[in-house]
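Notes for the one structure printed next.
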Amino acid sequence: MSLLVETIRIENGKILNISFHNERMIRTLYNIYGLMTRPELERIIVVPESARQGIYKCRLIYDDKSTRMEFLPYSLRPVRSLKIVFSDDICYPYKYSNRDKINRLFDMRGECDDILIVKYGRLCDTSYSNVVLKEPGGSWVTPSTYLLPGTRRANLLKNGIVIEADISYNDLSKYIELKLINAMINIDETEGIPVSNIIAGF
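Heads up, the sequence shown is in the working numbering, so the first residue is 304 and it goes up one at a time.
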């Protein structure tokens, strides 16, 4: 079985969004291994001196028997266009280190920066993030048909910043723009991708 990963944002030495990462790790360990353990990441993660200035990605790699960490400097990769790819058999409910199926879809992006996965006609995620879409009235919605239950997504939903909706491929034209969100990217940290820059692929 592939190892699991938890990606956590470290900003000036502070561990962000920690409760949502704890919840996901607890749920994952129970669902996959049947473990009733409650790991406390605030105790497990010790931020090294070298990662206490600026933004770092803490990559926690684990299974039911082992845990290891790496800290990597983080810089935002600009994404200005998306290629829609259709896959009804893609399944990624847990954050595995093995991303072969997603990587194969990513290789279909053509000239675009990333992909937007559509499963059974419903919008899901990009290759590495959940998505939110802006309505003409200014509200933000996120697809209820996501692949991975992201921690940033959970935070935004809990705080009422976004709402969940069933969004079909044919609904895209109803929205103004799309943004990528994940543990490392908040909703206000990137420019939106115009819907016109989301290219259909068949």
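Note that beta-carbon positions come from the ideal geometry of N, C-alpha and C, so glycine has one too. Treat the numbers as computed from the prediction; the structure is a model and nothing was measured.
- When secondary structure is reduced to three states using DSSP, Arg362 falls in the strand class.
- Tyr377 has its alpha-carbon roughly 25 Å from the corresponding atom of Asn500.
- Counted as a single uninterrupted DSSP element, the beta strand (DSSP E) harbouring Asp417 occupies residues Asp417 to Lys422.
- A residue is called buried when at least 16 other Cβ atoms come within 10 angstroms of its Cβ; Val382 meets this threshold and is buried.
- For the beta strand (DSSP E) assignment, the uninterrupted runs of no fewer than 3 residues enclosed by the region 341 to 407 are, from N- to C-terminal side, 358 to 365, 370 to 376 and 385 to 389.
- Annotation: the continuous beta strand (DSSP E) that includes Arg312 extends over Leu307 to Glu314.
- Within the same chain, Thr370 come within 7 Å of Ile347 by CB-CB distance, once the 5 residues on both sides are set aside.
- With contact defined as three or more Cβ pairs closer than 8 Å, the region 314 to 323 and the region 332 to 350 are in contact.
- Look at Ile501 here: in three-state DSSP terms it is strand.
- Judged by their CB atoms, Thr429 and Leu483 are nearer to each other than the 8 Å cut-off.
- Assignment of Asn485 by DSSP, reduced to helix, strand and coil, places it in the strand class.
- Across the structure, Gly316 and Leu363 are spaced so that their CA atoms are roughly 16 Å apart.
- Assignment of beta strand (DSSP E) within the region 431 to 458, counting only whole runs of 3 or more residues, yields 433 to 437 and 443 to 446 in chain order.
- A straight-line Cα-Cα distance of about 6 Å links Leu419 and Val388.
- In its chain, beyond the 5 residues on either side, Leu450, Leu451 and Pro452 have a beta carbon closer than 8 Å to the beta carbon of Pro396.
- Counting along the chain, the unbroken alpha helix (DSSP H) around Ile335 starts and ends at Ile321 to Tyr336.
- For Ile464, no beta strand (DSSP E) segment is defined, and its DSSP state is neither H nor E.
- Within the same chain, and ignoring the five residues on either side of Asn325 in sequence, the residues whose Cβ sits closer than 6 Å to its Cβ are Leu344.
- For Pro351, same chain residues with a beta-carbon under 7 Å away, outside a window of 5 residues either side, are Phe374 in chain order.
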